[in-house]
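Visitor: If you scroll down you'll find the structure; I have some questions about it.
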């Protein structure tokens with residue numbers, strides 16, 4: 003029996019100090035939402051997870067389906083609802099069946115894009131520690147076939163960037179390769195997927211690809227911290243500058259969606275490349291981009307002034323995950339936490355969230371043509387909310 007006096011009391015005090023902090027203390031330490039806002043954030047994420055299970059469990063566009071299911075894995079880790087995890091596992095089985103004989107996946111709208119595929123395969127990464135050894139083996143084998151085909155088909159360019167994909171796919175047959183260097187394929191497949199392959203195989207050649215892909219991406223960053231959206235196929239040609247329309251596409255049309263997707267690749271690499279020299283480099287190299295995002299956040303807490311169905315605005319929620327990583331692992335700058343809180347405050351307000359394209363039960367398209375845009379913003383906002391509630395939940399490999 004421990005008596006509360008003398009040395010015994012000191013022992014008891016030490017044990018109490020060493021005990022895990024209660025949830026409220028953790029929330030104060032990681033201030034991405036606070037007090038009532040955290041309760042609202044939690045409820046919104048739960049509503050979204052329930053909505054995804056009910057309405058989006060078989061979404062055919064793989065990058066959106068992949069993010070939706072990653073939201074459910076996050077939801078399972080936060081809420082413990084097994085239905086969320088089971089739905090995500092079933093979609094993972096669906097992705098396995100959709101892999102084409104050549105190792106690629108059709109994006110869901112007539113193309114094969116390496117950027118979209120990287121987003122979708124993030125689901126295998128998220129599920130890996132939650133599934134049986136048989137499924138783990140299938141995930142590894144599927145991703146191995148994919149990256150082998152990328153290499154064989156010349157989609158890893160000499161400068162480190164990855165190519166774009168194929169313009170057409172029909173009945174599993176791809177045509178019209180697009181080998182243009184592409185910022186997002188370099189970040190999402192080049193960095194995230196190749197880093198994961200290093201993580202599960204410990205083969206250096208995979209993290210080398212990831213490293214060189216990010217070196218290329220960050221080499222294009224402007225002095226003010228803006229990272230361009232480079233894709234010649236869409237009129238954003240890195241080798242054709244001083245053309246006003248091309249420059250607009252490079253530097254303005256897709257600014258914040260680019261930062262969000264690049265951020266996903268950056269944080270995956272930093273957390274899992276297991277190379278201290280490279281980690282030190284990337285954490286220093288991204289600072290101008292972080293400063294750019296802090297400086298250009300809109301007064302209402304969002305990013306991108308473009309319309310509600312725009313590519314840029316609907317991808318921008320991923321900036322929150324990027325900033326959370328930076329705060330947690332690089333620099334606990336109060337401005338970073340404050341920026342995330344401002345975005346959270348906007349999203350949890352039902353009227354404002356609706357104006358952003360998000361409702362408490364998922365985004366509603368204005369027309370059939372805008373369905374992908376609104377499903378995109380719903381899936382990415384849910385991922386951001388999960389990161390606010392449980393920092394890093396989407397990147398625990």
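Residue numbers (this note's numbering): 3 to 399. Ideal Cβ placement from N, Cα and C applies to all residues, glycine included. Owing to the predicted nature of the structure, the values given are computational and were not obtained by experimental measurement.
Report, in whole angstroms, the separation of the C-beta atoms of residue 248 and residue 262, which I expect to be a contact under 8 Å.
Guide: Along the chain shown, one-based indexing puts residue 248 at 246. Along the chain shown, one-based indexing puts residue 262 at 260. No, residue 248 and residue 262 are not in contact; Cβ-Cβ is about 22 Å, not under 8 Å.
Visitor: Run through the DSSP bridge pairs and tell me what residue 274 is partnered with.
Guide: Sequence index remark: in the chain shown, residue 274 carries index 272 (1-based). Partner(s): none; residue 274 has no beta bridge.
Visitor: Given residue 377, which residues of its chain have a CB within under 6 Å of its CB, disregarding the five upstream and five downstream residues?
Guide: Position 375 of the chain shown, counted from the first residue, corresponds to residue 377. The residues are 66.
Visitor: If you drop the 5 nearest sequence neighbours on each side, which residues of the same chain put their C-beta closer than 7 Å to that of residue 223?
Guide: Residue 223 sits at position 221 when you count from the first residue of the chain shown. Answer for residue 223: 229, 290 and 291, listed in chain order.
Visitor: Would you call the region 265 to 272 in contact with the region 182 to 194, where contact means no fewer than 3 C-beta pairs closer than 8 Å?
Guide: The region 265 to 272 vs the region 182 to 194: in contact.
Visitor: In the DSSP assignment, the beta strand (DSSP E) including residue 178 goes from what residue to what residue?
Guide: Here the question's residue 178 lines up with position 176 in the chain shown. Its beta strand (DSSP E) spans residues 175 to 180.
Visitor: Label residue 323 either buried or exposed according to how many other C-beta atoms from any shown protein chain fall within 10 Å of its C-beta, with 16 as the threshold for buried.
Guide: Within the chain shown, residue 323 is the residue found at index 321, counting from 1. Classification of residue 323: buried, given that the 10 Å Cβ count is 16 or more.
Visitor: In its own chain, which residues sit with a C-beta less than 6 Å from the C-beta of residue 274, not counting the 5 before and 5 after it?
Guide: Taking the first residue of the chain shown as 1, we reach residue 274 at position 272. Cβ neighbours of residue 274 beyond the five flanking positions: 197, 201 and 399.
Visitor: With distances taken Cα to Cα, identify the nearest neighbour of residue 379 among 108, 107 and 258.
Guide: Numbered from 1 along the chain shown, position 377 holds the residue referred to as residue 379. The residue with the shortest Cα to Cα distance from residue 379 is 258.
Visitor: My guess is that residue 90 and residue 102 are in contact by the Cβ rule of under 8 Å, so how many angstroms apart are they, rounded?
Guide: As a working mapping, residue 90 is identified with position 88 in the chain shown. As a working mapping, residue 102 is identified with position 100 in the chain shown. About 22 Å separates the two Cβ atoms, so there is no contact after all.
Visitor: Between which two residues does the beta strand (DSSP E) holding residue 167 run?
Guide: Indexing the chain shown from 1 puts residue 167 at position 165. Taken as a continuous stretch (DSSP letters only), the beta strand (DSSP E) holding residue 167 covers 167 to 172.
Visitor: With distances taken Cα to Cα, identify the nearest neighbour of residue 395 among 187, 100 and 127.
Guide: For the purposes of this step, residue 395 is identified with residue 393 of the chain shown, where counting begins at 1. The candidate whose alpha carbon is nearest that of residue 395 is 127.
Visitor: Starting from residue 214 and walking both ways along the alpha helix (DSSP H), at which residues does that stretch end?
Guide: Here residue 214 refers to the residue found at position 212 when the chain shown is read from its first residue. Start and end: 206 to 221.
Visitor: Where residue 298 and residue 227 are concerned, what is the direct C-alpha to C-alpha distance, given to the nearest angstrom?
Guide: In the chain shown, the residue the question calls residue 298 occupies position 296. In the chain shown, the residue the question calls residue 227 occupies position 225. Rounded to the nearest angstrom, the two C-alpha atoms are 11 Å apart.
Visitor: Given that a residue counts as buried once 16 or more other Cβ atoms are within 10 Å of its Cβ, and exposed if not, what is residue 282?
Guide: Walking along the chain shown from the start, residue 282 turns up at place 280. Flag for residue 282 reads exposed.
Visitor: Have a look at the DSSP bridge pairing and note the partners of residue 164.
Guide: Reading the chain shown from its first residue, position 162 is the one you call residue 164. Paired residues: 158.
Visitor: Determine whether the beta carbon atoms of residue 391 and residue 341 lie at a separation below 9 Å.
Guide: For the purposes of this step, residue 391 is taken as the residue at position 389 of the chain shown. For the purposes of this step, residue 341 is taken as the residue at position 339 of the chain shown. No.
Visitor: Between which two residues does the alpha helix (DSSP H) carrying residue 290 extend?
Guide: The residue labelled residue 290 in the question sits at position 288 within the chain shown. It spans 289 to 298 - the alpha helix (DSSP H) in which residue 290 sits, taken as one unbroken run.
Visitor: Give the range of the alpha helix (DSSP H) segment to which residue 183 is assigned.
Guide: Sequence index remark: in the chain shown, residue 183 carries index 181 (1-based). Unbroken run through residue 183: none, as it is neither H nor E.
Visitor: What does a CB cutoff of less than 8 Å around residue 385 pick up in its chain, not counting 5 residues either side in sequence?
Guide: Within the chain shown, numbered from 1, the residue matching residue 385 stands at position 383. If we look at residue 385 and ignore the five residues flanking it on each side, its Cβ neighbours are 69, 72, 73, 76, 319, 320, 323 and 396.
Visitor: Could you check the C-alpha separation between residue 345 and residue 305 for me, to the nearest Å?
Guide: The sequence position of residue 345 within the chain shown is 343, counting from 1. The sequence position of residue 305 within the chain shown is 303, counting from 1. Going from the Cα of residue 345 to the Cα of residue 305 covers about 9 Å.
Visitor: Cutting at 7 Å between CB atoms, please list the residues of its own chain near residue 218, excluding the five before and the five after it.
Guide: Walking along the chain shown from the start, residue 218 turns up at place 216. Excluding residues within five positions, the ones whose Cβ falls inside 7 Å are 161, 162, 163 and 188.
Visitor: Might you give, ordered along the chain, the residues of its own chain that have their beta carbon closer than 6 Å to the beta carbon of residue 58, omitting 5 neighbours on each side?
Guide: As a working mapping, residue 58 is identified with position 56 in the chain shown. Closer than 6 Å at Cβ, skipping near neighbours: 70.
Visitor: Taking all protein chains shown into account, do 16 or more other C-beta atoms lie within 10 angstroms of the C-beta of residue 214, making it buried, or fewer, making it exposed?
Guide: Numbered from its first residue, the chain shown carries residue 214 at position 212. Classification for residue 214: buried.
Visitor: Please confirm if the region 37 to 45 is in contact with the region 86 to 100, defined as three or more CB-CB distances below 8 Å between the two stretches.
Guide: Output reads no: the region 86 to 100 does not touch the region 37 to 45.
Visitor: Is residue 115 helix, strand or coil when you go by DSSP?
Guide: Start at 1 with the first residue of the chain shown, and residue 115 comes out as number 113. Residue state, collapsed to three classes: strand.
Visitor: Can you give the beta carbon distance from residue 105 to residue 141, rounded, assuming they're within the 8 Å contact cut?
Guide: As a first step, residue 105 is located in the chain shown; it is residue number 103 there, counting from the start. As a first step, residue 141 is located in the chain shown; it is residue number 139 there, counting from the start. Contact flag wrong, Cβ pair sits at about 14 Å.
Visitor: Considering Cα atoms alone, identify which of 335, 301, 55 and 372 is closest to residue 354.
Guide: Within the chain shown, numbered from 1, the residue matching residue 354 stands at position 352. The shortest C-alpha separation from residue 354 is found at 301.
Visitor: Measure the C-alpha to C-alpha separation of residue 155 and residue 178 and round it to an integer number of angstroms.
Guide: Looking up residue 155 in the chain shown gives position 153. Looking up residue 178 in the chain shown gives position 176. Taking the straight line from one Cα to the other gives about 12 Å.
Visitor: For residue 388, which three-state DSSP category applies?
Guide: Here residue 388 refers to the residue found at position 386 of the chain shown. Three-state result, residue 388: helix.
Visitor: Under the assumption that residue 185 contacts residue 115 (Cβ atoms under 8 Å), give the Cβ distance between them as a whole number of angstroms.
Guide: Looking up residue 185 in the chain shown gives position 183. Looking up residue 115 in the chain shown gives position 113. No, residue 185 and residue 115 are not in contact; Cβ-Cβ is about 12 Å, not under 8 Å.
Visitor: Report buried or exposed for residue 183, applying the criterion of at least 16 other Cβ atoms within 10 angstroms of its Cβ.
Guide: Taking the chain shown and counting its residues from 1, one reaches residue 183 at position 181. Classification of residue 183: buried, given that the 10 Å Cβ count is 16 or more.
Visitor: Do residue 331 and residue 293 count as a contact pair if the criterion is CB distance below 9 Å?
Guide: One-based indexing of the chain shown puts residue 293 at position 291. One-based indexing of the chain shown puts residue 331 at position 329. Going by C-beta atoms, residue 293 is not nearer than 9 Å to residue 331.
Visitor: In this structure, does DSSP put residue 36 in helix, strand or coil?
Guide: As a working mapping, residue 36 is identified with position 34 in the chain shown. DSSP places residue 36 in coil when its eight states are reduced to three.
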